[in-house]
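In this note's numbering, the protein residues as written are -1 to 210.
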Amino acid sequence: GKVVTEMGTKVHPLKDRVSVDGKSLKLDTKKYYVLLNKPRGYVTTMDDPQGRKTVAELVKGVPVRLHPIGRLDYDTEGLLLMTNDGDLTYALTHPKHEIRKIYTARVAGIPQPADLALLAGGVELVDGLTAPAEVAMIDVIDGNAILEIVIHEGRNRQVRRMCEKIGHPVVRLKRKGLAFLTLDKVARGRCRHLTGREITALKRLAGLSSEK
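Laid out in structure tokens, this is it:
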């Protein structure tokens, strides 16, 4: 080892051992799992070179850097998970696990039954045919339909592109559920920590043991 006196010296958290006045410093390896109700107008990154508001500003009191599991684009609101657990992030975003993502979409106009059937059966996008989805029209407000769409993929802006493909672009989009998680009792712009039971269940869904 060597004595370091220069401020800003970087160490490898797994390979290096650091001690101060003969006492070893222990790395905080605790994992954090946060459910955020993301408002519109925030980017799903921890910092933004364009100076836009980021989801990092909405998660307070966590002593480590979190990263989002998946993305919600700037104009989309709703449920976003954030964690420092890289294994869970990778597993939940891997297509093979087919994690349910539930959206409500207000679209321009009122799609016909054939349009909804097309959404449900699969839409040909530039990056290929979408997997089957669950689609239902749950309301009509001021001439615009409110759709509930459940997908199992995680393509970029997928729901928006699907709706645009059938000629009814999204006016407003919200993710209201992910797997078994919902936004119940989490106000817009607020967050909560997942319970131990929720973390265990998520890891099971992702094919990870609860000890990881």
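The C-beta atom is built at its ideal place from N, Cα and C for all residues, glycine as well.
Option in the options with minimal Cα separation from residue i
| i | options | result |
| --- | --- | --- |
| residue 93 | 81, 105, 68, 102 | 68 |
| residue 113 | 102, 162, 127 | 162 |
| residue 243 | 84, 43, 110, 59 | The question about residue 243 has no answer here: the residues shown for the chain are numbered -1 through 210. |
| residue 104 | 111, 44, 166, 115 | 166 |
| residue 219 | 111, 156, 43, 90 | Here the chain has residues from -1 to 210 only, and residue 219 is not among them. |
| residue 107 | 168, 178, 149, 42 | 168 |
| residue 216 | 62, 186, 97 | With the chain covering only -1 through 210, there is no way to say anything about residue 216. |
| residue 189 | 170, 18, 179 | 179 |
| residue 73 | 193, 52, 4, 141 | 52 |
Cβ pair residue i, residue j closer than 8 Å
| i | j | result |
| --- | --- | --- |
| residue 118 | residue 138 | no |
| residue 78 | residue 28 | no |
| residue 245 | residue 65 | There is no way to answer for residue 245, as the model of the chain reaches only from -1 to 210. |
| residue 81 | residue 31 | yes |
| residue 54 | residue 109 | no |
| residue 201 | residue 101 | no |
| residue 123 | residue 158 | no |
| residue 125 | residue 153 | yes |
| residue 129 | residue 151 | yes |
| residue 149 | residue 99 | yes |
| residue 56 | residue 34 | yes |
| residue 155 | residue 46 | no |
Opposing strand residues paired with residue i [DSSP bridges]
| i | result |
| --- | --- |
| residue 191 | 32 |
| residue 143 | 138 |
| residue 108 | Bridge partners of residue 108: none, in fact. |
| residue 75 | 172 |
| residue 52 | 41 |
| residue 157 | Answer is none; residue 157 lacks a bridge partner. |
| residue 149 | 99 |
| residue 66 | 80 |
Reduced DSSP category for residue i - H, G, I as helix; E, B as strand; rest coil
| i | result |
| --- | --- |
| residue 99 | strand |
| residue 119 | helix |
| residue 210 | At residue 210, the pLDDT of 43 sits below 50, so the modelled position is not reliable and the matter cannot be decided from this model. |
| residue 180 | strand |
| residue 114 | helix |
| residue 90 | helix |
| residue 80 | strand |
| residue 133 | strand |
| residue 197 | helix |
| residue 128 | coil |
| residue 57 | coil |
| residue 202 | helix |
| residue 46 | coil |
| residue 4 | coil |
Distance between beta carbons of residue j and residue i, contact taken as under 8 Å
| i | j | result |
| --- | --- | --- |
| residue 75 | residue 50 | With 8 Å as the limit, residue 75 and residue 50 do not qualify as a contact, their Cβ atoms being about 15 Å apart. |
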